[in-house]
Each structure stands twice: as structure tokens, then as C-alpha cells.
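In this note's numbering, the protein residues as written are 19 to 392. Glycine is no exception: its CB is placed at the ideal position from the N, C-alpha and C atoms.
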Ligand code: ADP
Ligand code: MN
Ligand code: MN
Ligand code: MN
């Protein structure tokens, strides 16, 4: 018996009857934000009396910081500032999903609001048109915390047949991936692919290419939609970088990066320059690539099917290197490169900001540079 959640056993067909009721001119807007762990997502809904056309049409809102690991009980109220709007694939049109940033009572960014500085950095390099594509790996778990579909007392057969596999003995939980993919397309999330991963019950979806700050918006919304789809099926999506210790693959979030120059003829030269800068700034990047400053990722970056955390390497088509240049990019002498270090639970705002600081703003050393407000 697969252990599944109590809410998944409710009658979804009965629920559907209510979801079909007309809602008049009202719109349900689900506000979504990152909590004090820097990984968890929270949401709550408000009714709007007209369909918002742009983000400016959405009111600010507030919520309890103390109930979301964000603040003490005294001074608990925090602000939700709408930043990106998507169609709601669960309640459907005209309802919306709204990604918000969190401000403290003094309107300074909350500790885990990494969007705030990311946006400033992205504005500085706007004219270089930085594009990102992130490959989000995740592991499906039963409500008991065991990988979905794994035998109760033991392990599935060793890794080998599962990556891009097909068949009930190879693809564990494809329904989730299928539902998530379609829900993202409906929402307007720039999902561009998906595949089964090396470890059974592990999956990947790709988002991109997204320019600048929108990478963070689209990846966080894609994660929210995955959690919400999993809720319906009674399973849990984990972004833990090493959900099963030992010889089982970890979960990362490879980040692909290019600028306009890199994408143009002869752009490989600019790709090589960027890689050279990255090679001289490793620990800064390691700290930015998971929410625990490198500790989470240290469990994953052991050199077994992933790069080693403190050893820098780069290569064409080399999937155990820190940085990989895809074969087609080497052939065309232009395109993008892939940083294979970010952890599955990374904050995309932190990862994309770090790449810009090192590769385009030429920062060196361990600490990020503070730029004066202009
Ligand atoms: P892999 O071979 O590493 O598994 P995937 O197909 O899973 O590659 O992912 C490729 C990623 O690269 C996608 O997220 C895509 O959006 C991104 N990408 C493609 N072209 C560019 C580009 N020019 N700049 C940045 N990212 C790009
Ligand atoms: Mn991939
Ligand atoms: Mn992968
Ligand atoms: Mn990859």
C-alpha cells in the first residue's frame, strides 16, 4: 500500500461540482511568498472585484511573519508586494497566482527576500540581456517520507534503467510530471521540458530561457505548482539535494547562462572569459548555491555523478565538471554554458545574482560588492 495523505483520499469528483459554480465578476487571487526558511512556500487567497490586467492592479497585502519563521510575535505583520502574475491552473481563468516579495514592517526586505538585491543587480546589466535556463530536479516522496513507489522494506533495483525511462517498473509517478507540465503551460510559466531522472521517483523539469529577474519568478512559480499538484495526488515533492544517502543520485538545479554577446557569432570567447572568472571565485558561489550556505550541497557534490564541491573544472560535454559547455555550443562557437553546482533547493534569485556579479560585474573575492544607489 502506498502511503498517501488524508486529503488525497477526499472525493475529488465531488469537489469538481463546486469548482464549476459560476463566480460572477469576482476573481480569486492566490498570493504566494517564500517563508523564513528560504525554501518553503506559503499562500493565501483574496477576492478581487475585477480581473487584474497588470501587476499594478493588485493590492499589497499583509500576513503573519511569526507564523512563517519570518519574525518575532511582537511586530509580526509583514507586507506582501505582488511582483509577478500567472493564470491559476487549479481554479482556472479568470483566477490568478501572484508571486510576491516580502517586506518587513519598516518596508525593508525580509531576510529571505533575495529577490530584492537580485533585481538591483539585474537592472545594472539589463543592456547585456542575460538569459538563464534552470533544470529543476525533484524527488517524489510518500507522506511517510520514503521515495514514491519504493518497496516498503528495501530498495528498487540499482540505477541504470530509470533516466528517461518508460514503463511502470522504470518511471515512478509520471502522472505528477504530466499534470505539472500542463499546469505550468496553462499558467504561463516558461517550462521548456521534462524527463525522468537517474534515481527512481526523481524527475526533472526545465524552465527557460528567461531574461534577468524573470528566471526567479518563473522557477519559484513552477515549484509552487509542483507542490500544489502533488498535494492533489497525496504525495510530496522534495528539493533536498541528497534525499537518499549513499549510491543514489542527488538532486541539483543546473543553471544555464548566456548574454547577448555569448549568443552572437564567435560568442564562445565570451563564454570562456566568464568561466575563467568563475574558476577564481569558488567559495562565494558555493555559499550562494543552497539555502544553508553550502552545507546542504556538500552532501550532494561528492564527485559521484556530480561535481566535487571544492574542485573547479570545465569542459565540453563533460557532465562531471563544474561547468559544462554543451557540445553543440562548442561546434557553433556560440551559445551558453551550464553551471552544474546549484542545489535542487537553491534560491534562483541568489544563483542568478551570483553569476552576474562574477561574470559580468567582474567581482572577485569572497564577499559581494556593495554598490551605491544611483
Ligand atoms: P541537459 O543536457 O544539461 O540535461 P536540458 O535540456 O535539461 O540540458 O536543459 C537545458 C536548459 O538550457 C534549459 O533550461 C534551457 O532553457 C536552457 N537554455 C537553452 N538555451 C539557452 C541560452 N542561450 N541561455 C541560457 N539558457 C539556455
Ligand atoms: Mn537536464
Ligand atoms: Mn538532470
Ligand atoms: Mn544539465
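Relative to the non-hydrogen atoms of ligand 3, the Cβ of residue 198 never comes closer than 8 Å to any of them. Between the stretch 77 to 88 and the stretch 157 to 173 there are fewer than three inter-stretch CB-CB distances shorter than 8 Å, so the stretches are not counted as touching. Look at residue 149 here: in three-state DSSP terms it is strand. Of the heavy atoms belonging to ligand 2, at least one sits nearer than 8 Å to the Cβ of residue 222. Those residues that have a beta carbon less than 5 Å away from any non-hydrogen atom of ligand 4 are, in order along the chain, 153 and 272.
Shown here for residue 255: same chain residues with a beta carbon closer than 7 Å to its own, the five before and five after excluded, namely 156, 158, 244, 245 and 248 in chain order. Straight-line measurement puts the Cα of residue 152 at about 24 Å from the Cα of residue 166. Residue state for residue 243 is assigned as helix, using DSSP reduced to three classes. Close CB contacts of residue 79 within its chain, under the 7 Å cut and outside five residues either way in sequence, are with 49, 64 and 98 (chain order).
Exclusion of residue 356 from the 8 Å shell around ligand 3 follows from its C-beta lying no nearer than that to any non-hydrogen atom of the ligand.
For residue 269, no beta strand (DSSP E) encloses it, and the DSSP letter there is neither H nor E. According to the DSSP assignment, residue 136 belongs to the alpha helix (DSSP H) that extends over 133 to 142.
Residue 363 and residue 307 have their C-alpha atoms some 8 Å from each other.
Under the three-pair Cβ rule at 8 Å, the stretch 135 to 150 counts as touching the stretch 270 to 278.
Between residue 176 and the set 216, 314, 126 and 137, the nearest pair of CA atoms involves 216.
Counting every other CB atom within 10 Å of its CB across the protein chains shown gives residue 347 a total of 16 or more, marking it as buried. Shown here, residue 171 sits in coil according to DSSP, grouped into three states, outside any helix or strand. The Cβ-Cβ distance between residue 234 and residue 361 does not fall below 9 Å.
Counting every other CB atom within 10 Å of its CB across the protein chains shown gives residue 123 a total below 16, marking it as exposed.
Taken atom to atom, the span from the alpha-carbon of residue 386 to that of residue 134 is near 14 Å. Contact check for residue 116 against residue 127 fails: the beta carbons are separated by 9 Å or more.
When distances are taken from the beta-carbon of residue 276 to the heavy atoms of ligand 1, the shortest one is below 8 Å. Residue range 341 to 343 is occupied by the beta strand (DSSP E) that includes residue 342.
Secondary structure within the stretch 334 to 371: the beta strand (DSSP E) runs of 3 or more consecutive residues, fully enclosed, are 341 to 343 and 355 to 357 (chain order).
The C-beta separation of residue 379 from residue 341 comes to about 18 Å, leaving the pair out of contact by the 8 Å criterion.
It is roughly 11 Å from the alpha-carbon of residue 103 to the alpha-carbon of residue 232. With a cut-off of 8 Å, the C-beta of residue 213 is classified as near ligand 3, since at least one heavy atom of the ligand falls inside that distance.
The beta carbon of residue 289 lies closer than 6 Å to those of 280 and 355 in the same chain, with the five residues before and after it left out. Residue 36 is bridged by DSSP to nothing; it lacks a bridge partner. Taken atom to atom, the span from the alpha-carbon of residue 77 to that of residue 317 is near 42 Å.
Boundaries of the beta strand (DSSP E) harbouring residue 80: 79 to 82, taken from the DSSP string. Taking the Cβ of residue 227 as the reference point, at least one heavy atom of ligand 1 falls within a distance shorter than 8 Å.
Sequence-distant Cβ neighbours of residue 227 in its own chain, meaning closer than 6 Å and more than five residues away, are 149 and 151. When secondary structure is reduced to three states using DSSP, residue 223 falls in the strand class.
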